[in-house]
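If you're matching positions, the sequence shown starts at 1 in the UniProt record's numbering and goes up one per residue.
Data first, discussion second: the structure below is written as structure tokens.
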Amino acid sequence: MGRGGVRRKCFHDRGRLVPGVDGVNMAALKHNLQKELFNPTEERLYAVVSVTKAGKKKKASFLCLAVTTVRPETVSLYQVKKTEKDTYKKRMHWRLRDLKLVDGRDETNVADRYGNQRKPSFTNVSAIEGSIHGAESSRVQQHTEEGAEGEDYQELTQREESDLEYMISHTESAISNIEAFTEKLSKELSVLDGANIHSIMDAEPQVESLMQLLNDALKELENLDKRLIGYDSRLKEVRAQMEQMEDKDKHMVTESRNRKKLLEEVESVVNSLDVPECNIVALQEADLSKGLGLKECTHAAFSVLHALQADLSPGLTKMRAVKEQREKFLQLSSDFAQRLKFHLMEIFTRHSLDVETLVQHSSELCIPKHLACHNDLAPFSDLMKWLKEVDQTVFLELCQAYTQSLSRVYERELRDFFEAVKQKTMTKGVRTYAAFKMTGTSTGANDPKMSPRPTPRVIKTGSFRKTEKATDRKDTDSIGSMGSDTRSRSGSMSSVDSSDQLLEGRGKFERVFDVLLLELEPVCTAEQEFVQKFFDFSLEESEPSETPSTLNIDSSDGAMFSKAPSIKSIDTTDVKERTPLNEEVRKIMQGLFNVLEAELQSYIHFADRLDPFNTMYMLVKIGHFVITTQLSGSPVSYLSQQLGNCLISVKRLFDKFISNLKKQIEEMKIQKTKKCGILPFVTKFEEFASISENVFKNSDRRNDLDKAYHSLIRVVFINVERMAEEHQKTPRAVVMMGFLTRLKIVCLENEKREAKRKYNDTLKLYVKEMLGRPMEKINIFFEGVQECIAAGVKEDEVGYQLAFSKQELRKNIKEYPAKDIKKGLELLYKKVEKHLCEEENLLQVVWHTMQDEFIQQYKHFEDLIQRCYPESMINLEVTIDDILSFFSNIAQGTAEDWQCIKERRRQSGSIQQWRKERKKSVWMKVPIVQSYLIPVAFEHGFSYHHAVGDHAMLLKWLPKKEHNKVPPYATHQVGVSGLVLNREKNEVLVVQDKNLLKIGRRLKRPVWKFPGGLSDEGESIEETAVREVWEETGIRAEFKSILLFRQQHKMKNAFDKSDVYVVCRMEPLSFGISHCEDEIAQCQWMELSTLLTHTDTTPLTKLAARLAKHGLKNGFESVDIVANSMRSWVNPSQTFSLFHRYMPS
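Next up, the structure:
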């Protein structure tokens, strides 16, 4: 090449090639791109490469590499395309660090991204790759001129460089004539061109030789092409054969895969439908009455069921073998279902015949639980689940057979049970009590404590406590023997009034009703749970309610409870969603207990006829059970549904009872010729309220009682006023004083205030009418004095008036001496006594009010005397003390005489009645304030039994020909001492009393003994031992056992009664001694061996020490009498301590 050379079509950017565009054009392009696209974004363009696709109409496209001019620098790659308006626009943009591969040819891979890649790979754009390295190495150098451009040429050869130096050396440094210089250069170039042409012409032979060689090469190339064509044809044949072989291999692989799948499918079908022969034999021949055979049949039945329920494709189910196998299994299952059916029916029948009724084989109130039947059928639960899936018809037949078989049993048992319950309720020896009447005479009006019922025992949660069953049942049975067994203390104590019989009858009904519910609940629950499990009846999910946190808390029929404002209401937010009773379970339970609801309804009406207050108790108990089961969230039980239905009937009976009471009040009429004190229905209402309050105490049904109160009290108020208007013998005010003032019922506070107001008004009116002005002349005299003062006469000048002189005043006072006043009061008392009923305490209240009124008038007279007649020394004939004495003596004398007379009448008639009823003994409790009645009781054969605190208990033995079998009062005192043993040191805690011990006639100094003392009332032996050791020594000790006890009679320091002394073994919890200085002289820890040899001790102390030493050596199991707690059979609410030797576990 000449000096000028041929310029390559490439563009250099800092020594890196950018192919595809002329160097000059590329420089211009780069300049334009920098100016138009990258200057506005403050970026520096480092490299450009053309990536335009081949084709005439394709627009120019470039990849541009640019870096930001601000820190931190960011290198980015742009795709720039030329628009139709010959401008350039950025199309796509990537950060270089996010790219994995850059391909200049493949448009789909122009920029393949992936995260956190610092240097991507470049394909067909090596110029950019070089520019990246150049940009990284020169990034710290900044271009001073914006958009600076330059052309880089190929590096000159040595010859070109020497020619350029030669030319420069012959050129002057200053060229003044450019045209001469240009002409000179042109001449030299023409000389050079001519030389080149001559050189080419001289080389022509060589060119011809070269052309010949080229022709030979072309011929050789044609031969080579022919051979290549032959190779190509052979390769095509080989390729066709290879393709055929590949197709064949694919078919073989497909065939192999299909065979494998077919084999797997066949194996799956065989495994699904294959049942071992032993299972088939078990279903055909196994003994269901044996446990092993039943287990084999259960396993075999479910194997066949799994085979029948195998999930096969529709095509496989049409196979003949599959159809035959399934038909075989269906027939096998059907035969076994029939065999199972007959076997279970035999069990149903056997248990229905073997059950014994309650009346024939049991004296207790109980219902058999049928656990044997359930235990025999429980192993068949899985087979029943299988049968439910296989043969629904046989399953339903078994359900019906079970229901029919057991229903006869339950019907017989329930009828016998309810009949026994009725008999227990009407036990012989307890007189049938009449229905409660608002118009009758109250049997316990003077003693309100005798008539109320015991407070109902609240049963916690929705389930009755099983631990109380036996005790309550025994307690119920023991009541029936009261009054007949004279050898027991309880049997010898008869009632002193018919109110005791009422209390006894009502209490007995409550215990019987508790036993009734206690027996029904486990029987129904156990049967329901068995039915659900045996017949595989799952619980239904409860449907979500719109207001799940609220209860329907008010119902006229009483199916639900009501919130009472006066007591703590149940928080309805605690109500949980309950799972409803399954319909199939309900049907079976209804079939099993088809007589339950009828028997419950019958007993409810029987109890209501017996005593309407029984209805109250049933309302409370049944309502509590229903509500607690609702609040517990437990699934709905059949029994709760039945009791809910009964609750409606009980509520209706309660409403009927209240309606009858109102009707009795409205229809009541009193003979107008008799005295009318407090009306009978007023007293009866108080009795009704007292009984009801005890029944409904803390009950959820309180609102029902409050409604009854409001309804009754309105009727009482109306009819009290009616009676006051109608009665002629008794003044209206006396009748009106019979309003309720003693009841403490929260819901009746307004009515009580109204009654109190009416009572006070009528009382004041009656007192003023009856008392009047007892000293009439003195009243008239002082009325005149007050008129003078009102006319303007000064108080100290009234005595100068002739009509009101001191002499006139003394004359009027002498008209009322003390004896006349007392006589007048006695006449007034008799007059008032005629108006008021003797059975009430209203007489004392009225008399006391009259006393206050009389004293008020007396004080008024005294005040006027002091004001109008000062220093006159004039006084009334009587003093306030005299007046108080008159009123008190009149009331007390009359009251005591009346009480004694009434008591004589009552006892005379009662003793005869009690003898007719064959009572054994009569008890009379006499408070100190009524001790004047004791002589009257002695007149009728009573004697002291004991006296405690503020009362005396009198006893009369009724049978004349039988010896008195009532045991005497308590005859023993109990002393307890504690042998506190420190086992680590073999020491015991001993004390010396300060009291001298008298033996015979000699006094001996205190001896060493164990700390102890007498038991307090209601204190157990264990508690006494712990307390006495602590009080006397300051040592905390723990009770372990009893070592010994002794009994001694006629103890002088026990009022000649008997004494029981117990020595307890204890272990110390503390060791610091702080003895009681008032009682204890000395206290110390003493070794056992020393105590055993000591002379100053008692034989009993040494014996206990020997037992302790023996226990340390051989174990205390050989000497201990341990303590346990046991519930009382007679009084189940109490427990007692039981002491015995160790027993094997």
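The beta carbon of each residue, even a glycine, is placed where N, CA and C say it ideally should be.
Please read these numbers as outputs of a predicted model, since none were measured by experiment.
Do residue i and residue j have their CB atoms nearer than 8 Å?
i: GLU751; j: ILE691; result: no
i: LEU981; j: VAL990; result: no
i: CYS297; j: ALA310; result: no
i: LYS830; j: ILE874; result: no
i: GLY1012; j: VAL976; result: yes
i: GLU597; j: PHE537; result: no
i: PRO612; j: PHE681; result: no
i: LEU1043; j: VAL1029; result: no
i: LEU679; j: TYR638; result: no
i: CYS399; j: PHE509; result: no
i: LYS422; j: TYR603; result: yes
i: LYS82; j: LYS59; result: yes
i: PRO968; j: LYS920; result: no
i: GLU36; j: TYR88; result: yes
Of all the options the options, which has the alpha carbon lying nearest to the alpha carbon of residue i?
i: GLU877; options: ILE890, SER888, GLU862 and ASN889; result: GLU862
i: MET345; options: TRP386, THR525 and GLU397; result: GLU397
i: ALA774; options: PRO817, ARG1106 and HIS351; result: Note on residue identity: the sequence assigns Pro, not Ala, to residue 774. Checking every option, the nearest Cα to that of PRO774 belongs to PRO817.
i: ASN964; options: LEU516, LYS956 and ASP536; result: LYS956
i: THR69; options: PRO40, PHE535 and GLU255; result: PRO40
i: LYS312; options: GLU267, SER76, SER289 and HIS1094; result: The amino acid occupying residue 312 in the given sequence is Leu; Lys does not appear at that position. Comparing Cα positions, the closest option is GLU267.
i: ARG983; options: GLU1087, ARG915, PHE302 and GLU1019; result: GLU1087
i: ASN889; options: LYS920, ARG652, GLU871 and GLN844; result: GLN844
i: LEU305; options: LYS651, ASN279, ASP216 and ASP232; result: ASN279
i: SER352; options: SER186, HIS370, GLU815 and LEU340; result: HIS370
i: HIS93; options: SER186, VAL80 and ARG44; result: VAL80
Rounded C-beta distance between residue i and residue j? I'm assuming under 8 Å.
i: GLY978; j: ALA1025; result: 4 Å
i: GLY623; j: ASP700; result: 6 Å
i: VAL75; j: LEU63; result: So it is not a contact: roughly 13 Å between Cβ atoms.
i: ILE1073; j: ILE1021; result: Not a contact, Cβ separation roughly 24 Å.
i: VAL846; j: LEU763; result: 7 Å
i: GLU1079; j: ASP993; result: 7 Å
Rounded to the nearest angstrom, what separates residue i and residue j at their Cα positions?
i: LEU414; j: ARG1046; result: 53 Å
i: HIS343; j: LEU294; result: 11 Å
i: VAL720; j: ASP704; result: 24 Å
i: ASP950; j: TYR944; result: 14 Å
i: SER566; j: ASP655; result: Only weak support is given to the placement of SER566: the predicted model assigns it a pLDDT of 38, under 50, and the value that follows is read from those uncertain coordinates. If you take the alpha carbons of SER566 and ASP655, they lie about 21 Å apart.
i: ASP382; j: GLY315; result: 33 Å
i: ILE934; j: LEU1103; result: 50 Å
i: GLU754; j: LEU748; result: 10 Å
i: ASP485; j: LEU1091; result: Note on ASP485: pLDDT 35, under 50, position unreliable in the model; no value is reported.
i: residue 1150; j: HIS374; result: Residue 1150 lies beyond the range of the chain shown here (1 to 1145); nothing can be said about it.
i: residue 1148; j: LEU263; result: No answer is possible for residue 1148: the residues shown for the chain start at 1 and end at 1145.
i: GLU833; j: HIS710; result: 33 Å
i: ALA724; j: LEU653; result: 32 Å
i: CYS1076; j: VAL1007; result: 16 Å
i: HIS1140; j: LEU643; result: 45 Å
i: residue 1146; j: VAL716; result: Here the chain has residues from 1 to 1145 only, and residue 1146 is not among them.
i: LEU802; j: LYS768; result: 32 Å
Is residue i close to chain D? Criterion is C-beta to C-beta, closer than 8 Å.
i: LEU516; result: The structure shown contains no chain D, having only a single protein chain.
Let me check you understand the geometry: is the CB of residue i closer than 7 Å to at least one non-hydrogen atom of the ligand COA?
i: GLU267; result: Ligands in the displayed structure: none, and consequently the ligand COA is not present.
Stretch-stretch touch, CB-based, cutoff 8 Å, three pairs: the region 847-858 with the region 800-820: no
Count Cβ pairs between the region 922-929 and the region 880-888 that sit closer than 8 Å; are there 3 or more? No, the region 922-929 does not touch the region 880-888.
Quick check: the region 1065-1078 against the region 1033-1046, are at least 3 beta-carbon pairs closer than 8 Å? yes
Is the number of C-beta pairs between the region 770-783 and the region 854-872 that are closer than 8 Å three or more? yes
Please determine if the region 392-407 and the region 590-603 are in contact, where contact requires at least 3 C-beta pairs separated by less than 8 Å. At 8 Å Cβ cutoff, the stretches touch.
Say whether the region 382-392 touches the region 333-342, bearing in mind that this needs 3 or more beta-carbon pairs closer than 8 Å, one atom from each stretch. Three or more beta-carbon pairs drawn from the region 382-392 and the region 333-342 are found closer than 8 Å, and the two stretches are therefore classed as touching.
Across the region 637-652 and the region 618-629, are there enough close Cβ pairs to call them in contact, namely three or more that are closer than 8 Å? yes
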